[in-house]
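First the structure, in the form of structure tokens, and then the observations on it.
In the numbering used here, the protein residues as written are 649 to 934.
This is the structure we're talking about:
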């Protein structure tokens, strides 16, 4: 059953923060979008928000870093700044316990949030993530999709190419979805904040003094023993190759991997019904 999306703002430590939500009084799901110009909670997770809102309160956060409609504040300490913002956001909304999920970079942020606040997280749901692969010490094979990320030049045709690369089903990338992400990517200050954030993310990964803030070789396997965690990966992902996911699966025996057919990097956009079914079964175990 489709539900109505609600656009909301809240002040989070002086940052005007946007989020999109559906549902009301059911169990809470906090969703973290991936990276890339113009990404947001609604653009990255909208179809899933629609499917789940009849039985959960689902919240798609627009992170700092030049994303969505949140104030275009650059990340100071790489992706850890997205996590810190999410921690303060959950406090601002008075969220007690919830399932946290994330796609791509957002998967890393979701896992790191659970490590920082394990008493607030019931389940962790991760979707196709090169970032987690790197945090686990794996080298990702070159992905065809990255040329679309690098090729985004601020124009709508480039956004169309980028978004079509994220999905295996062309019909999943609608004009409305392209327009939503293009508007976010080209609003004042977004491009500058995004570029600065990309430099910050790279600096944290390469600075020996800061690398411990990024890596998960010990912490992610430990997290999976504490909190039920699942990983979903599109079999047609051209950004995060399925071969990388298979390597991760071997390193993370306590995480259940789901391989999703006819799905690209945004599994939740291509196959939202399958993702919703996995969520239902996971949350029902609580």
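Glycine included, each C-beta is placed from N, C-alpha and C at the ideal position.
Can you tell me whether residue 667 is helix, strand or coil according to DSSP? strand
Three or more beta-carbon pairs under 8 Å between the stretch 838-852 and the stretch 871-891, yes or no? no
Identify, in the order they occur along the chain, each residue of the same chain with its Cβ nearer than 6 Å to the Cβ of residue 750, setting aside the five sequence neighbours on each side. 680, 757, 758
Same chain only: Cβ atoms within 8 Å of residue 783, ignoring 5 sequence neighbours per side: 756, 862, 863, 864, 865, 868
Which parts of the stretch 838-922 are runs of the beta strand (DSSP E), unbroken and 3 residues or longer, counting only runs that do not cross its ends? Those beta strand (DSSP E) runs which fall completely within the stretch 838-922 and span 3+ residues are 877-882, 904-908.
Classification of residue 859 by the beta-carbon crowding that lies within 10 angstroms, buried from 16 upward: exposed
Nearest to residue 691 by alpha carbon, out of 872, 829, 815? The alpha carbon of residue 691 has as its nearest neighbour, out of 872, 829, 815, the alpha carbon of 829.
Please state whether DSSP places residue 744 in a helix, a strand or coil. coil
Per DSSP, the bridge partner or partners of residue 658: 665
Per DSSP, which one or two residues make a beta bridge with residue 807? Residue pairing from DSSP leaves residue 807 without any beta-bridge partner.
For residue 813, name the three-state secondary structure that DSSP assigns. helix
Just mark residue 920 as buried or exposed, buried being the case when its beta carbon has 16 or more other beta carbons within 10 Å. buried
Could you tell me whether the stretch 765-785 touches the stretch 904-920, using the rule of 3 or more Cβ pairs below 8 Å? Put simply, the stretch 765-785 touches the stretch 904-920. At least three CB pairs are less than 8 Å apart.
Can you tell me which residues form a DSSP beta bridge with residue 706? Looking at the DSSP assignment, residue 706 forms a beta bridge with 670, 677.
Under the DSSP definition of a beta bridge, which residues are partnered with residue 774? 750, 879
Which one of 806, 735, 834 has the shortest CA to CA distance from residue 796? The candidate whose alpha carbon is nearest that of residue 796 is 806.
How about residue 815 and residue 688: are their beta carbons less than 8 Å apart? no
Residue 748 and residue 810 closer than 8 Å at C-beta: Not closer than 8 Å, so no.
Buried or exposed: where does residue 732 fall if 16 or more other Cβ atoms within 10 Å of its Cβ makes it buried? buried
With residue 653 and residue 670 assumed to form a contact (beta carbons below 8 Å), what rounded beta-carbon distance in angstroms separates them? That belief holds up - the Cβ atoms of residue 653 and residue 670 are roughly 6 Å apart, short of 8 Å.
Classify residue 721 as helix, strand or coil using the three-state DSSP reduction. coil
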